[in-house]
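Since the structure comes first, as structure tokens, the remarks are kept for the end.
Numbering (full-length UniProt numbering), first residue to last: 1 to 277.
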């Protein structure tokens, strides 16, 4: 969902369309045409319904069979994946009224959702766990900000794995049931490619490392940070001498996380995580 393009972006878009039409008329293979663009530009081009009706369909018709049928089948599959990606992303990010690009792809029989947030002001949490838990076909998720890869997440059974990419910093709220589901715990932490850099709050109180709290953290058996079980990731952070904290949770008996990027650094050089909800 891209809107309010700048004059320069509109010019680039027109040039991309002209080039695509040229490649289509050269009878190039679909895979070779796709390689001529980055994934974001190609998904926008092929998913442009007006352009498709005016030019792509005609270019396909100009090809001889069976080449035209094979090409049409490939471009049809690709368009379906682009539309699916945009539809899913709209459900979770559309309310922000933020511009985004999105497409799905199939890798090793897994459906992967790729989302690029454009001019994301980092004031809204990305509820990645909602996508992984509610979109049963999506097993992997990549989040980009202005085409910079920042988060990779995937699910295996009930286990959710988060990988923060180099240079990205995020705050996360994690909520999970403890004591056989009789109550919920919430923890707020800061993340980077090094793992948990700081645990900020635990159930609304400043984090204090105690045997009782660590046992409660151990009961979150679904969340992994940088390939470490949450408890192990917290222990690694504590060993580095970092602080930790956690907050109270909602009345739902399932585990989830929300995640948001850091604000600009405050005077004094310390980053603060944005408020999450």
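Cβ atoms here follow ideal geometry from the backbone N, Cα and C, with glycine treated the same way.
Q.
Is residue 214 a contact residue of the ligand GDP, with contact defined as CB to any heavy atom under 7 Å?
A. The model on display carries no ligand, and the ligand GDP is accordingly not part of it.
Q. How many angstroms separate the CA atom of residue 75 from the CA atom of residue 47?
A. Distance between the alpha carbons of residue 75 and residue 47: 10 Å.
Q. In its own chain, which residues sit with a C-beta less than 6 Å from the C-beta of residue 227, not counting the 5 before and 5 after it?
A. Hits under 6 Å: none found.
Q. With burial defined as no fewer than 16 other Cβ atoms inside 10 Å of the residue's Cβ, what is the status of residue 109: buried or exposed?
A. By the neighbour-count definition (other C-beta atoms within 10 Å, threshold 16), residue 109 is an exposed residue.
Q.
Considering Cα atoms alone, identify which of 198, 155 and 193 is closest to residue 139.
A. Residue 155 is the option with its Cα nearest to residue 139.
Q. Helix, strand or coil for residue 49 per DSSP?
A. Assigned with DSSP and collapsed to three states, residue 49 falls in helix.
(Q) By the three-class DSSP mapping on this structure, what secondary structure does residue 257 have? (A) If DSSP states are grouped into helix, strand and coil, residue 257 belongs with the strands.
**Q.** Helix, strand or coil at residue 233 according to DSSP, with G and I counted as helix
**A.** It is helical.
Q | N- and C-terminal bounds of the alpha helix (DSSP H) containing residue 212 | A | That run of the alpha helix (DSSP H) goes 211-218.
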